[in-house]
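Residues in the sequence shown are numbered consecutively from 40, following my numbering. Don't be surprised by glycine CBs; every beta carbon is placed ideally from N, CA and C.
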Amino acid sequence: MTSTPLSGRTVLVTGATSGIGYETARQLAERGATVLVHGRTLEETQAAADKLVATGHGIEAAQLCVYAADFTRLDEVEAMARRVVEAHPHLDVLVNNAGMAAPERHTVTADGNEIAFQVNFLAHYLLTCLLEPALTTDPGGRVVNVSSSLHRTGNIQWSDPNRSRRYSRLAAYAQSQLALTVFAADPRVAAVSVHPGVCDTALLPLYAHEGTPAAEGAAHVVHLCDPATEIVNGAYYDRDQRVDPAPAATENRSVQRLNKLASLLVGHTA
40 MTSTPLSGRT
50 VLVTGATSGI
60 GYETARQLAE
70 RGATVLVHGR
80 TLEETQAAAD
90 KLVATGHGIE
100 AAQLCVYAAD
110 FTRLDEVEAM
120 ARRVVEAHPH
130 LDVLVNNAGM
140 AAPERHTVTA
150 DGNEIAFQVN
160 FLAHYLLTCL
170 LEPALTTDPG
180 GRVVNVSSSL
190 HRTGNIQWSD
200 PNRSRRYSRL
210 AAYAQSQLAL
220 TVFAADPRVA
230 AVSVHPGVCD
240 TALLPLYAHE
250 GTPAAEGAAH
260 VVHLCDPATE
270 IVNGAYYDRD
280 QRVDPAPAAT
290 ENRSVQRLNK
300 LASLLVGHTA
């Protein structure tokens, strides 16, 4: 994959304090982009930004802006979105990367949502809706959802998205990834989903015992952030290959139902 300079581009990467998110932030910044680095707490995020400057090639502190929001709290997501839009009324790319494995036990957030569904999908849904004005000020704004091949094993429990009746951590995780992949087909902002490969990150135990370096997975994400890479709204990539996602991810009805469900759950009318 060839790399073009990205100076003048502004990219927000969620979950950028470790794993694929951190490596994505590093590669974008090394190519000259202004990177908005998101993490759960300000301390954690500032530490990641400091490390990027100290260890990256030619990354200036001025290229990085830190933002904190705990995705288990939707009010923090809203507050962060407001701060981003005020400081960066024009945003070129949003990388929805933050993610967690669903816990062994059924866990509900203070907002009343199953935790993996909220952190992996609903928080990103809300953030994307709130950042839409910044992403669409100029043509070419795009969203890259870091999804998973496990979305193929998922189904969205429309009448019980919290899975309070029957809970399995793998099914909950797969549902959150399917929702994120379906959401890429939303027509408001050009968006794609990418499975970055099985990488050696905190999520590795869900997939295998061994994974490729996070930097390798991040390269596939960065490729889709590059304006030189033409994208088709709703497309799904397995690493660098465009492939068909699960059938539900291409059905208009699924997109509409998901929008309705998500806006209800986040209390935000899209």
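*Within 10 angstroms of its Cβ, does residue 292 collect 16 or more other Cβ (buried), or is it exposed?*
As a working mapping, residue 292 is identified with position 253 in the sequence shown. So residue 292 ends up on the exposed side.
*Below 8 Å on the Cβ atoms is my guess for residue 222 versus residue 297; work out the distance and round it to an integer in Å.*
For the purposes of this step, residue 222 is taken as the residue at position 183 of the sequence shown. For the purposes of this step, residue 297 is taken as the residue at position 258 of the sequence shown. Rounded, the Cβ-Cβ distance is 6 Å, consistent with contact.
_Am I right that residue 230 and residue 182 are in contact with their C-beta atoms under 8 Å? What's the rounded C-beta distance?_
Here residue 230 corresponds to residue number 191 of the sequence shown, with the count starting at 1. Here residue 182 corresponds to residue number 143 of the sequence shown, with the count starting at 1. Right, the Cβ-Cβ distance comes to about 4 Å (below 8 Å), so this counts as a contact.
_Classify residue 294: buried if its beta carbon has 16 or more other beta carbons within 10 angstroms, exposed otherwise._
Looking up residue 294 in the sequence shown gives position 255. Buried.
*Among 68, 176, 200 and 115, nearest to residue 101 - alpha-carbon criterion*: For the purposes of this step, residue 101 is taken as the residue at position 62 of the sequence shown. With distances taken between Cα atoms, residue 101 lies closest to 68.
*Going by the CB atoms, is the gap between residue 91 and residue 103 shorter than 8 Å?*
Indexing the sequence shown from 1 puts residue 103 at position 64. Indexing the sequence shown from 1 puts residue 91 at position 52. Going by C-beta atoms, residue 103 is nearer than 8 Å to residue 91.
_Which residues DSSP lists as bridging residue 75, in chain order_ = Your numbering for residue 75 matches position 36 in the sequence shown. In the DSSP output, where bridge partners are listed per residue, residue 75 has 51 and 104.
*Helix, strand or coil: how does DSSP classify residue 280 here?*
Within the sequence shown, numbered from 1, the residue matching residue 280 stands at position 241. Three-state result, residue 280: strand.
_Runs of 4 residues minimum, wholly inside the region 88-139: which ones carry the alpha helix (DSSP H) assignment?_
113-126
*Determine, using beta carbons only, whether residue 246 and residue 141 come nearer to each other than 8 Å.*
Position 207 of the sequence shown, counted from the first residue, corresponds to residue 246. Position 102 of the sequence shown, counted from the first residue, corresponds to residue 141. No; because the gap between Cβ atoms is not below 8 Å, this pair is not in contact.
*Contact under 8 Å by Cβ, residue 72 with residue 110*: As a working mapping, residue 72 is identified with position 33 in the sequence shown. As a working mapping, residue 110 is identified with position 71 in the sequence shown. Not closer than 8 Å, so no.
*Which residue comes first and which comes last in the beta strand (DSSP E) that contains residue 181?*
Residue mapping note: residue 181 aligns to position 142 of the sequence shown, counting from 1. Secondary structure note for residue 181: its beta strand (DSSP E) is the uninterrupted segment 181-185.
_Judging by CA-CA distance, which residue of 147, 164 and 249 is the nearest neighbour of residue 202?_
Here residue 202 refers to the residue found at position 163 when the sequence shown is read from its first residue. Checking every option, the nearest Cα to that of residue 202 belongs to 147.
*Taking the alpha carbon of residue 143 as the point to measure from, which residue in 249, 77, 218 and 207 has its own alpha carbon closest?*
The residue you call residue 143 lines up with position 104 of the sequence shown. When each option's Cα is compared against that of residue 143, the closest is 207.
_Under DSSP, the alpha helix (DSSP H) around residue 302 begins and ends at which residues?_
Numbered from 1 along the sequence shown, position 263 holds the residue referred to as residue 302. Run containing residue 302: 291-305, per the alpha helix (DSSP H) assignment.
*So which of 270, 162 and 43 has the shortest CA-CA distance to residue 114?*
The sequence position of residue 114 within the sequence shown is 75, counting from 1. It is 162.
*Could you check if residue 129 is buried or exposed, using at least 16 other CB atoms within 10 Å of its CB as the buried criterion?*
Your numbering for residue 129 matches position 90 in the sequence shown. Around the Cβ of residue 129, a 10 Å sphere holds fewer than 16 other Cβ atoms; the residue is exposed.
*asked:* Quick check on this structure: which residue in 249, 173 and 226 has the alpha carbon closest to the alpha carbon of residue 237?
replied: Position 198 of the sequence shown, counting from 1, holds the residue named residue 237. Comparing Cα-Cα distances from residue 237 to each of 249, 173 and 226, the minimum goes to 249.
_Same chain, Cβ closer than 7 Å to residue 65, five either side skipped, listed in chain order_ = Translated into positions along the sequence shown, residue 65 becomes position 26. 91 and 95, listed in sequence order.
*Which residue or residues does DSSP assign as beta-bridge partners of residue 230?*
As a working mapping, residue 230 is identified with position 191 in the sequence shown. Note: residue 230 is bridge-paired with 182 in the DSSP secondary-structure output.
*Within 8 Å, strictly: CB atoms of residue 233 and residue 185*: Stepping through the sequence shown from its first residue, residue 233 is reached at position 194. Stepping through the sequence shown from its first residue, residue 185 is reached at position 146. Closer than 8 Å, so yes.
*Cβ pair residue 228, residue 180 closer than 8 Å*: If you number the sequence shown from 1, residue 228 lands on position 189. If you number the sequence shown from 1, residue 180 lands on position 141. Cβ atoms of residue 228 and residue 180: closer than 8 Å.
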